[in-house]
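Peer 1: The numbering of the sequence shown is this note's numbering, which starts it at 1 and goes up by one. Okay, handing you the structure first.
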Amino acid sequence: MECHVYYEGDDDPDKCTARRLEKFDKATLYRSMGQVPYGVVLNPHAEQALSPADLEEGLGTLVALDCSWESAEAASFEMRGVHRALPFLVAANPINYGRPFRLTTVEALAGACCIFDEWERAEDLLEPFRWGETFLTLNEEPLRRYSECTDSSDVVAVQEDYLADEE
Ligand SMILES: C[S@@+](CC[C@H](N)C(=O)[O-])C[C@H]1O[C@@H](n2cnc3c(N)ncnc32)[C@H](O)[C@@H]1O
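Below, the structure is given as structure tokens:
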């Protein structure tokens with residue numbers, strides 16, 4: 001699974017997970033939107049939830065936008081591709097630990113790999129982060145269930161179980 005990131009560069013560079021991915025040669029960063037390849041764009045504002053059915057359409061390529069959450073508004077996601085939101089998953093990073101949907105770039109890419117049944121790639125992406133393994137442990141059951149779904153509506157139905165537990 002190829003991982004590409006449009007890097008906005010407006011977040012704390014010391015805590016930026018995309019920069020760390022680049023440092024360990026696990027993802028390619030772009031400073032220009034036009035250079036970002038076509039793929040499945042991980043966009044929290046997208047109408048449709050990511051499902052295994054998107055693997056083919058995204059041509060084996062994942063794209064994320066690394067920016068601060070303040071600037072991650074819908075208009076910032078102008079990359080070419082199939083835009084999808086991740087279903088209910090909780091963050092393991094120290095800034096948003098336990099918070100659903102608000103994932104770091106590496107958590108979003110790794111979560112998508114798991115949904116596409118690419119578990120080893122997810123482990124590989126998370127390996128440089130001390131809390132990386134925790135992301136997979138915390139989300140083990142939902143990730144397995146999402147990866148067994150056929151399409152987006154199945155994923156949304158599974159997600160309902162976790163949203164109901166949150167209430
Ligand atoms: C807003 S940036 C924050 C990055 C953070 N500065 C870091 O160091 O990782 C996180 C990116 O991960 C992806 N992402 C995070 N949560 C997501 C979700 N629930 N659905 C889809 N994509 C998500 C998006 O591409 C989003 O822009």
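Built from N, CA and C at the ideal position, the CB exists for glycine as well.
What did DSSP end up calling Val63 once you bin it into helix, strand or coil?
Peer 2: strand
Peer 1: By the 10 Å Cβ neighbour count, where 16 or more other Cβ atoms means buried, how is Ser32 classified, buried or exposed?
Peer 2: exposed
Peer 1: Do Asp165 and Ser51 have their C-beta atoms within less than 8 Å of each other?
Peer 2: Result no, Cβ atoms of Asp165 and Ser51 do not sit closer than 8 Å.
Peer 1: On the DSSP letters alone, give me the boundaries of the beta strand (DSSP E) that Val40 sits inside.
Peer 2: Gly39 to Leu42
Peer 1: Which partner residues does Ala85 have in the DSSP bridge list?
Peer 2: Ala49
Peer 1: So, for Glu118: in the same chain, excluding its five sequence neighbours on each side, which residues have a beta-carbon less than 8 Å away from its beta-carbon?
Peer 2: Met1
Peer 1: At which residue ranges does the region 71 to 132 contain complete beta strand (DSSP E) runs of 3 or more residues, listed in the order of the chain?
Peer 2: 81 to 84
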